[in-house]
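Contents: one structure, followed by commentary.
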């Protein structure tokens, strides 16, 4: 059973470009979470999705960031018009169900560098 | 909002020594998770604790959750260089909430 997969592992963008980060959850997992780890900061929750639904986006910046988890295919975290402050490691996690007792399994992350 | 504080922030130990990392929550913990992160990599799940007084072990790592469910400790016995990395505690944002809140991490170095 393959783990959570993320691609690309590294992404370089110039200011103003778009960044698309992909996450394929573990087989059988229908809950996906995105987290961001800024340099010298902790891991912060961004958004929680189920298939075709955004359940909790309380950690998403109000502008330029969006996420989706379509019926078919991976979850996508999209960042429009990137700025240098978006440089960070973005992690995706998945779980089979929601709730405090469901372990989230993390992918290797995508490291975004904005020049 | 709930906050998790880890101590110490960093730790350097000699190989073979025991060590303890603490994680303290500002609110009751519904589920407490321990992860390990190696530099430049993702998070590896170690253990999850739910019940007050619960203790779990895996190889040389033992995690405990106190009776009041507001503090957890991670203990490594006879540390090895392979234990080096960043240890993160995470807590569910609520009993039915999906998101995890993380502590700032404890960076462990093990000297051969």
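Chains as they are written, first to last, in our numbering: chain D, 1 to 115; chain Y, 1 to 112. Every residue gets a Cβ at the ideal spot worked out from N, C-alpha and C, and that includes glycine. Nothing here was measured: the structure is a model prediction, and the numbers come from that model.
Exercise. At a Cβ threshold of 8 Å, is residue 109(D) touching chain Y?
Worked result: The residue given as residue 109(D) occupies position 109 in the first chain. With 8 Å as the cut-off, residue 109(D) counts as an interface residue toward chain Y.
Exercise. Alpha carbon to alpha carbon, what distance is there between residue 82(D) and residue 87(Y)?
Worked result: Within the second chain, numbered from 1, the residue matching residue 87(Y) stands at position 87. Within the first chain, numbered from 1, the residue matching residue 82(D) stands at position 82. Cα to Cα, residue 87(Y) sits roughly 30 Å from residue 82(D).
Exercise. Quick one: is residue 104(Y) near chain D, going by C-beta distance under 8 Å?
Worked result: On the second chain, residue 104(Y) is found 104 positions in, with the first residue counted as 1. Answer yes: the Cβ-Cβ gap between residue 104(Y) and chain D drops below 8 Å somewhere.
Problem set entry | residue 55(D) versus residue 39(Y) - alpha carbon distance | Stepping through the first chain from its first residue, residue 55(D) is reached at position 55. Stepping through the second chain from its first residue, residue 39(Y) is reached at position 39. Distance between the alpha carbons of residue 55(D) and residue 39(Y) is about 31 Å.
Problem set entry | is_contact[residue 33(Y), chain D] using C-beta, thresh 8 Å | Reading the second chain from its first residue, position 33 is the one you call residue 33(Y). Yes, its Cβ sits closer than 8 Å to a Cβ of chain D.
For this session: Note down the Cα distance separating residue 67(Y) from residue 20(Y), rounded to an integer number of angstroms.
Result: For the purposes of this step, residue 67(Y) is taken as residue 67 along the second chain, with counting starting at 1. For the purposes of this step, residue 20(Y) is taken as residue 20 along the second chain, with counting starting at 1. Looking at the two C-alpha atoms, the distance is approximately 18 Å.
Exercise. In chain Y, which residues lie less than 8 Å from residue 31(D) when you measure between Cβ atoms?
Worked result: Taking the first chain and counting its residues from 1, one reaches residue 31(D) at position 31. Contact annotation for residue 31(D) against chain Y: 98 [CB-CB distance below 8 Å, chain order].
Exercise. Can you list, in chain order, the stretches of the beta strand (DSSP E) that have 3 or more residues and sit fully within the segment 7-34 of chain D?
Worked result: 10-13 and 19-24
For this session: Report buried or exposed for residue 106(Y), applying the criterion of at least 16 other Cβ atoms within 10 angstroms of its Cβ.
Result: Indexing the second chain from 1 puts residue 106(Y) at position 106. When all chains shown are included, residue 106(Y) counts as buried.
Problem set entry | Any non-hydrogen atom of the ligand FMN within 7 Å of residue 24(D) CB | Among the ligands in the structure shown, none appear at all, so the ligand FMN cannot be discussed.
For this session: Taking all protein chains shown into account, decide if residue 14(Y) is buried (16 or more other Cβ within 10 angstroms of its Cβ) or exposed.
Result: Here residue 14(Y) corresponds to residue number 14 of the second chain, with the count starting at 1. The residue in question, residue 14(Y), is exposed, as its Cβ has fewer than 16 Cβ neighbours within 10 Å.
Problem set entry | C-beta neighbour in chain Y for residue 90(D), strict 8 Å | By one-based count along the first chain, residue 90(D) stands at place 90. Residue 90(D) has a beta carbon lying at 8 Å or more from every beta carbon in chain Y.
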